[in-house]
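**Student:** The structure follows.
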Amino acid sequence: MNVIKDNNLLNNLKNLFSSINYKAYPSFIDDLFSLIKSLQESHKKSFVFLLVGRTGVGKSSTINSLMGEPICNIGDYDPTTIDVQSYEHEINGIKFTIIDTPGLCDNIPEKGNDQKYIEHIRNKVKQIDSLCFVTRLDEARVSADEMRGIEVISEAFTQDVWKYAVIIFTRANKADNYVIDLQERTKRIQKEIAKYTGDEVASTIPSVAVDNKSQTTPDGKRWLEELYTQVFKKMSDRGAVPFFLATVTRINKTVKKDKNRSKKNISDNSEQNDTRETEINLNGQQTEEIKSKLFSTVPILEKICGSLGSIFGGSVGKTIGETIGGVIGYGLDFIFSLFS
Ligand SMILES: Nc1nc2c(ncn2[C@@H]2O[C@H](COP(=O)(O)OP(=O)(O)OP(=O)(O)O)[C@@H](O)[C@H]2O)c(=O)[nH]1
Ligand SMILES: [Mg+2]
C-alpha cells in the first residue's frame, strides 16, 4: 500500500477527476478523500479470530480455507492440557491473530478448574472480532465438553461475544442426512448458547456447513463463499474492514482467470485446483450481504457509491475504482466494482 501524504493524495484525486462536473455531488472529492483515509486507517488495524471446538474437528483447516493460506498446522496437536494459544499472521499487509483454545472442549482430566482457565483466557485475549465455534456435522449430539466450552466462553467474555459468532460444521460430506442434520445440529447448538444469551441472540447465530476435503457440500454448492459471507457479516465493526482488506484480493477472480485459461489451455487442472481452492466467487445474494456490511461499517462508502451512477452514469464504478486503486492500493477497485 502506498503511503501518500494528505496534500498529495488530495491533489491526485483532483487531477484524476478534473474533467467531472460536480454539481450533482459537490462534496465528492472530500468524501472520497475521507473514504480513502478511513481505509488507510483500517490497514493499520488488526483483527482477531477465536477458535472454539474439540480436537480434530477441523478448526485449523477451516481457518486456512477461509484465509486462503496454510497458516495453521493441521492435525498436529494432541491436547493433554487446557491452554490458550495465539498465533500472529499477516496477509496483504494486514495483521491478524488466531486464538486457539485447545482442550477447552475436550475430555481431559485437568478440567474442573474453570475459574482459573477463565482468568487465564481473559488475561491473554483482549479483543475478539470473530468467534468460530467449530463442530463436526457427522456427529449427532452436543457433547458435554462442547457444552462446557460454551459455558466457559460465555463466562470469560460475557454473552456479548456470541454476537460475533458463526457455528461451523465440518465434514459436511460425511453427514448421513445433510439437510436435516444441518438443521437439527444448528438448533441444538443455538439452544445450548441460548442458556447464556437468551433466544434472541442465539437464534441469529448463523451456521455454515463446510468440508475442508472438498469444494462443495452434498447439495453440490460451494461452501467457501458462504463461510466468507457469514463470518464477514458477524464480524465486529472494528475487525470487518481489516478482514475485508486482507481477503479482497481473492474475491471474484476465478471468472477472469477462467476466461484467460480457456483461451490458453483449458486442460490445466492443477492451476484450476489452485485457483478454485482459495478464490471467493460471490453470488448475487452474497454480494448484497457483503455490500450491506461494508455500508454499515463505513457509512461514507454508501454515500459515495449511491451517487456514482448519478454522477458518472453507467458502469463506471469499476474504472473509477481501478484508477483510485492505482493511487491508494488494492481493495477500492473491488469495492467500487460492486456498484457498477
Ligand atoms: N473429511 C474431512 N476432513 C477434515 C475436515 N476438516 C478437517 N479435516 C481433517 O481432520 C483432521 C484434523 O483437522 P484440523 O484442522 O487439524 O483440526 P483441529 O480442530 O484444528 O485440530 P486440533 O488443532 O488438533 O485441535 C485433519 O486430518 C484434516 O485434514 C473436513 O471438513 N472434512
Ligand atoms: Mg488446530
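In terms of my numbering, the sequence shown opens at residue 69 and continues consecutively.
By construction, the Cβ of each residue, glycine as well, lies at the ideal position given by its N, Cα and C atoms.
1) Cutting at 7 Å between CB atoms, please list the residues of its own chain near valine 220, excluding the five before and the five after it.
2) Got a sec: does ligand 4 put a non-hydrogen atom nearer than 6 Å to the Cβ of lysine 289?
3) Just to confirm my understanding: we take arginine 306, look at its own chain, exclude 5 residues before and 5 after, and list those with CB closer than 8 Å. What are they?
4) Could you give the distance in angstroms between the alpha-carbon of leucine 362 and the alpha-carbon of proline 147?
5) I need the DSSP call for isoleucine 139, collapsed to helix, strand or coil.
6) Mind listing, in chain order, the residues whose beta carbon lies closer than 5 Å to a non-hydrogen atom of ligand 1?
7) Can you have a look at serine 374 and say buried or exposed, based on whether 16 or more other CB atoms are within 10 angstroms of its CB?
8) Give the secondary structure of cysteine 173 by DSSP, where H, G and I count as helix, E and B as strand, and everything else as coil.
9) Determine the direct distance from the alpha carbon of valine 366 to that of asparagine 245, and round the result to whole angstroms.
10) Per the contact definition of three or more C-beta pairs closer than 8 Å, is the segment 252 to 261 in contact with the segment 210 to 220?
11) What is the rounded straight-line gap between the Cα of glutamate 178 and the Cα of aspartate 151?
12) Counting only the same chain and skipping the five closest in sequence on each side, list residues whose C-beta sits under 6 Å from that of lysine 163.
13) Is the Cβ-Cβ distance between leucine 205 and arginine 239 less than 7 Å?
14) May I ask you to verify whether the segment 286 to 294 touches the segment 89 to 102, counting CB pairs closer than 8 Å and requiring at least 3?
15) Over the uninterrupted beta strand (DSSP E) stretch that includes aspartate 168, give me the two end residues.
16) By Cβ distance, which residues of its chain are closer than 7 Å to isoleucine 358, with the 5 residues on each side in sequence left out?
17) In whole angstroms, give me the CA-to-CA distance for threonine 346 and isoleucine 403.
18) Give me, in chain order, the residues of the same chain whose beta-carbon lies closer than 7 Å to that of glutamate 137; leave out the 5 immediate sequence neighbours on both sides.
19) Would you tell me roughly how many angstroms separate the C-alpha atoms of isoleucine 139 and leucine 119, rounded to the nearest one?
20) What residue range does the beta strand (DSSP E) around isoleucine 248 cover?
21) Output the distance between the C-alpha atoms of methionine 303 and asparagine 75, rounded to the nearest integer angstrom.
22) In angstroms, rounded to a whole number, what distance separates the CA positions of asparagine 337 and serine 282?
23) Cutting at 6 Å between CB atoms, please list the residues of its own chain near valine 193, excluding the five before and the five after it.
24) Rounded to whole angstroms, how far is the Cβ of serine 86 from the Cβ of asparagine 280, which I believe are closer than 8 Å?
25) Just list the residues that DSSP pairs tyrosine 155 with in beta bridges.
26) For glutamate 356 and proline 310, I'd like the C-alpha separation in whole angstroms.
27) From the DSSP secondary-structure annotation, give me the bridge partner or partners of serine 275.
28) Got a sec, what are the start and stop residues for the alpha helix (DSSP H) phenylalanine 312 sits in?
**Tutor:** Answer, in terms of the structure:
1) Position 152 of the sequence shown, counted from the first residue, corresponds to residue 220. Leu172, Asp182, Tyr185 and Ile186.
2) Ligand 4 is not among the ligands present in this structure, which contains only ligand 1 and ligand 2.
3) Sequence index remark: in the sequence shown, residue 306 carries index 238 (1-based). Same-chain partners within the cutoff: Lys113, Phe115, Gln195 and Asp197.
4) For the purposes of this step, residue 362 is taken as residue 294 along the sequence shown, with counting starting at 1. For the purposes of this step, residue 147 is taken as residue 79 along the sequence shown, with counting starting at 1. If I take the Cα positions, the gap works out to 38 Å.
5) The residue you call residue 139 lines up with position 71 of the sequence shown. Secondary structure of isoleucine 139 (DSSP, three-state): coil.
6) Qualifying residues, in the order they occur: Thr123, Gly124, Val125, Gly126, Lys127, Ser128, Ser129, Ile142, Gly143, Tyr145, Thr238, Arg239, Asp279, Asn280 and Lys281.
7) Reading the sequence shown from its first residue, position 306 is the one you call residue 374. In the sequence under discussion, the amino acid at residue 374 is glycine, which differs from the serine named in the question. Per the 10 Å Cβ criterion, exposed.
8) The residue given as residue 173 occupies position 105 in the sequence shown. Coil, per DSSP.
9) In the sequence shown, the residue the question calls residue 245 occupies position 177. In the sequence shown, the residue the question calls residue 366 occupies position 298. Taking the straight line from one Cα to the other gives about 41 Å.
10) Of all C-beta pairs linking the segment 210 to 220 to the segment 252 to 261, three or more are shorter than 8 Å, placing the two stretches in contact.
11) Stepping through the sequence shown from its first residue, residue 178 is reached at position 110. Stepping through the sequence shown from its first residue, residue 151 is reached at position 83. Straight-line spacing of the CA atoms in glutamate 178 and aspartate 151 works out to 11 Å.
12) For this step, residue 163 is matched to residue 95 along the sequence shown. Cβ neighbours of lysine 163 beyond the five flanking positions: Ser114.
13) Residue 205 sits at position 137 when you count from the first residue of the sequence shown. Residue 239 sits at position 171 when you count from the first residue of the sequence shown. Yes, the Cβ-Cβ distance between leucine 205 and arginine 239 is below 7 Å.
14) No, they do not touch.
15) Taking the sequence shown and counting its residues from 1, one reaches residue 168 at position 100. Aspartate 168 -> beta strand (DSSP E) spans 162 to 168.
16) Position 290 of the sequence shown, counted from the start, is the residue given in the question as residue 358. Answer for isoleucine 358: Thr297, Phe300 and Leu350, listed in chain order.
17) Locating residue 346 in the sequence shown gives position 278, where the first residue counts as 1. Locating residue 403 in the sequence shown gives position 335, where the first residue counts as 1. Roughly 19 Å separates the two Cα atoms.
18) In the sequence shown, counting from the first residue as 1, residue 137 sits at position 69. Excluding positions up to five away in sequence, the list reads Ile159.
19) To locate residue 139, count along the sequence shown from 1; it is residue 71. To locate residue 119, count along the sequence shown from 1; it is residue 51. Annotation: isoleucine 139 to leucine 119 spans about 14 Å, alpha carbon to alpha carbon.
20) Residue mapping note: residue 248 aligns to position 180 of the sequence shown, counting from 1. Secondary structure note for isoleucine 248: it is in no beta strand (DSSP E), and the uninterrupted alpha helix (DSSP H) holding it is 246 to 265.
21) Residue mapping note: residue 303 aligns to position 235 of the sequence shown, counting from 1. Residue mapping note: residue 75 aligns to position 7 of the sequence shown, counting from 1. Each residue's Cα considered, the two are about 33 Å apart.
22) Counted from its first residue, the sequence shown places residue 337 at position 269. Counted from its first residue, the sequence shown places residue 282 at position 214. Because the pLDDT at asparagine 337 is just 40, under 50, the model does not fix this residue reliably, and the value given afterwards should be weighed accordingly. When the Cα atoms are used, asparagine 337 and serine 282 turn out to be separated by approximately 15 Å.
23) Position 125 of the sequence shown, counted from the first residue, corresponds to residue 193. By the criterion of a C-beta distance shorter than 6 Å, valine 193 is surrounded in its chain by Ile167, once the five residues flanking it on both sides are discounted.
24) Counted from its first residue, the sequence shown places residue 86 at position 18. Counted from its first residue, the sequence shown places residue 280 at position 212. With a Cβ gap of about 50 Å, serine 86 and asparagine 280 do not count as contacting.
25) Position 87 of the sequence shown, counted from the first residue, corresponds to residue 155. Answer by DSSP bridge pairing, in chain order: Ile166.
26) Taking the first residue of the sequence shown as position 1, residue 356 is located at position 288. Taking the first residue of the sequence shown as position 1, residue 310 is located at position 242. Going by the C-alpha atoms only, they are around 19 Å apart.
27) Residue numbering aside, residue 275 sits at position 207 when the sequence shown is read from its first letter. DSSP lists Ile235 as partners of serine 275.
28) Working through the sequence shown from its first residue, we reach residue 312 at position 244. It spans 305 to 315 - the alpha helix (DSSP H) in which phenylalanine 312 sits, taken as one unbroken run.
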